[in-house]
Amino acid sequence: MGYSDIYAAWKSDPEGFWMEQAQAVDWAEPPKQALFDRGDHIYEWFADAKVNTCYNAVDRHVEAGHGDRTAIIYDSPITHTKHTLSYAELQTRVASLAGALRAKGIEKGDRVIIYMPMVPEALEAMLACARLGAIHSVVFGGFAANELAVRIDDAKPKAIIAASCGIEPNRVVHYKPLLDGAIDIASHKPDFCVIFQREQEVARLEDGRDVDWHAFQYGVTPAECVPVEGNHPAYILYTSGTTGAPKGVVRPTAGHIVALNWTMKNIYNVEAGDVFWAASDVGWVVGHSYICYAPLFAGCTTIVFEGKPVGTPDASTFWRVISDYGVKSFFTAPTAIRAVKREDPKGELAKSFDLSKLQALFLAGERADPDTIEWAQKLLGIPVIDHWWQTETGYSIAANPTGLELMPVKIGSPSVAMPGYDVQILGEDGHPLPAGELGAIAVKLPLPPGTLPTLWNAADRFRKSYLDAFPGYYETGDAGMIDEDGYLYIMARTDDVINVAGHRLSTGGMEEVLAAHPDVAECAVIGVTDDFKGQLPVGFLCLNSGCNRPHEEITAEVVKLVREKIGPVAAFKLAVVVDRLPKTRSGKILRGTMVNIADGKEFKMPATIDDPAILDEIREALQTIGYAKA
């Protein structure tokens, strides 16, 4: 059965479809019912079942005789460290850690915050919590103390698991002082902290509160897997909110396992024993879904990579890892590929590596501009597939399901809606728009298994953020259109659709034009306030390494390109060259913050920003064209 048949089967019988997918899960008590309507547009999946996440990720593979199969490959070019863990070794380590946590009082329903770098122990901590039915919340290692404190006060963890430090290409990030500072700031205090000491920095432990990762496991009884209800939260993952206060996305256990397990074969075309690599971080949803859980549910080998796409040591790192381990399916952010392309525009470094086992490159995290996709296609000679999803959903809303059939790639589109998602384009009045019209992207309720049923301790905010704008729909916050073939186009965040003299225009469409310029490695377009036209677009250009043409020539050329491709209606006349763009650690460009700088508005420093110093560079660039007045 191809995509159309599978999607039609889901649409004709959604509950029957998901009950069929649930047969691939090992249940303590299988579900008798798929969907539970709790009223007022609130839904739950498989709530009557009993299941354990860790059992499905680890133990069932060992019990099936696959304990010798490699579960985790750890590759750290920053620390020059490589090692592997088999499924049997992972089971032993996770059971031991879970037993030690249980001996310290951690039980089903308790919250545990995990504050770790990209090391296998981060996955072990996640799985140990899942083994006990404890609810973990991973916070990106190195987050500022005050931001960590906000999450401590919201989740109220009984324990925090942290490392002594993180390692960046040019520095050691001292986690322990940040953790201590966060606990001092927070109103809630954890009962204890587990510290994984790294050899690059051994932190001082607080008497009575801190325990050593290895020492506190001595002599404990390994913990068995604790079955939990299907609607029991597996984890809380905080995502940035428009108010500045983070939103705690809740991931329900049963739907999480069913849905992610389905995606591995059907979307990514990988099966047990294949090597799958998501080059992300456990602090982000990609790290949860596709470094830790989904590959292990499917019995794959997953790679934990502690490095960067460039600089560790150079732009060949991705190709070296893919070659070394025979990666079959690779998933990263468009910004990572753009970084590689900027350093090695002709792709010369890839030619030294055997990439023959790589069957597809998947991109997500922000819009994949056509120029980046075309560059990667030409370099790798394989499908380069944009797919679209959110922290809230945990996996693809729209994708090209390579395990069902490789559908024709339309560059600029993440392809088509996946089973479970009835995606529609709505006008401001909430009515569906015809094909080709730009509007708000919404998903008809109920959302499929594994997606957020609510926000942690914030049911009212959940409704306000996602349900109230379009009753009966989930509001994605993205704007776009659907073409006559059913392909979805994500043009911008709703906030990034700008109004120029009454014309609604997508900044994403303008970015596509800028990115097509041969000297432009990366770009961003924002809408700045204009007294006459309401808003005007401003482009920011990062140039390819080695480009030494006058900047004014390049900016004049991109202005001409936008006029040719989009038309005078865009009123695109302003572009500046910058060395880099402000981004989150996951690679998203902070366009909203750039708008605030341009308009002279006060703003809260984004908690996830990779390097705050970049904002000063953006302010200086804007001042050269008459914005961001001092």
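No gaps in the numbering here: position 525 of the sequence shown is 526 in our numbering, and each next residue is one more. For each residue, glycine too, the CB sits at the ideal point set by N, CA and C. The structure displayed is predicted, hence computed values, not measured ones.
Taking C-beta atoms as the reference points, Gly167 and Pro234 fail to come closer than 9 Å.
In terms of CA proximity to Asp325, Ser353 leads the group Ser353, Thr333, Phe37. When rounded, the separation of the alpha-carbon atoms in Ser281 and Phe319 is 12 Å. With respect to Gly327, Cys301 sits apart: the two C-beta atoms are not nearer than 9 Å.
The distance from the Cβ of Pro314 to that of Pro78 is about 7 Å, consistent with a contact at the 8 Å cut-off.
Note on geometry: alpha-carbon atoms of Ile615 and Glu553 lie some 22 Å from one another. Tyr475 and Ala10 have their C-alpha atoms roughly 22 Å apart. At the C-beta level, Ala260 and Gln22 come within 9 Å of one another. Cα atoms of Leu506 and Arg103: separation of roughly 55 Å, rounded to the nearest angstrom.
Nearest to Glu207 by C-alpha distance, out of Glu200, Arg199, Val195, is Val195. Rounded to the nearest whole angstrom, the C-alpha separation of Asn57 and Thr264 is 15 Å. Spanning the alpha carbons of Cys293 and Ser87 requires a straight line of approximately 14 Å.
Under DSSP, Pro433 shares a beta bridge with Leu427.
DSSP places Phe217 in the helix class (H, G or I) of the three-state scheme. Boundaries for Cys548: no beta strand (DSSP E) harbours it, and the DSSP string shows neither H nor E there. Linking Asp355 to Asn267 through their CA atoms gives a straight-line distance of about 26 Å. Per the coordinates, the alpha-carbon of Phe541 lies some 52 Å from the alpha-carbon of Gly209. Beta-carbon to beta-carbon, Ala48 and Asn232 are separated by about 4 Å, close enough to satisfy the 8 Å threshold. Sequence-distant Cβ neighbours of Thr394 in its own chain, meaning closer than 6 Å and more than five residues away, are Thr452.
Rounded to whole angstroms, the Cβ separation of His504 and Val570 is 5 Å, and the two are in contact under 8 Å. About 21 Å separates the Cβ atoms of Arg112 and Lys177, ruling out a contact at the 8 Å cut-off. Tyr467 sits buried, since 16 or more C-beta atoms from the chains shown fall within 10 Å of its C-beta. Remark: C-beta atoms of Glu344 and Ser165 do not approach each other more closely than 9 Å. By the neighbour-count criterion, in which 16 or more other beta carbons inside 10 Å mark a residue as buried, Asn401 falls on the buried side. When the five nearest sequence neighbours on each side are left out, the beta carbons in the same chain lying within less than 7 Å of the beta carbon of Ile258 are those of Val26, Val52, Thr54, Asn57, Phe298, in order along the chain. Take Lys534, set aside five residues on each side of it, and the residues of its chain with a beta-carbon closer than 7 Å to its own are Val501, Ala502, Ala572, in chain order. Look at Cys130 here: in three-state DSSP terms it is helix. Under the rule that a run must span 4 or more residues, the alpha helix (DSSP H) segments found entirely inside the segment 327-384 read 335-344, 371-381.
DSSP places Ile598 in the uninterrupted alpha helix (DSSP H) bounded by 592-600.
Only exposed fits Gly568, as fewer than 16 other CB atoms lie within 10 angstroms of its CB.
When only Cα atoms are considered, Val221 and Gly68 end up about 22 Å apart. Within the segment 465-550, the complete alpha helix (DSSP H) runs of at least 4 residues fall at 508-516. Taking the Cα of Asp600 as reference, the smallest distance to any Cα among Thr609, Gln624, Met606 is reached at Gln624. Check the Cα spacing between Trp28 and each of Tyr8, Ala50, Gly17: the tightest is with Ala50.
Around the C-beta of Arg172, fewer than 16 other C-beta atoms lie within 10 Å, and the residue is accordingly described as exposed. Relative to the Cα of Met127, the nearest Cα in the group Ala480, Leu434, Ala145, Arg94 belongs to Arg94.
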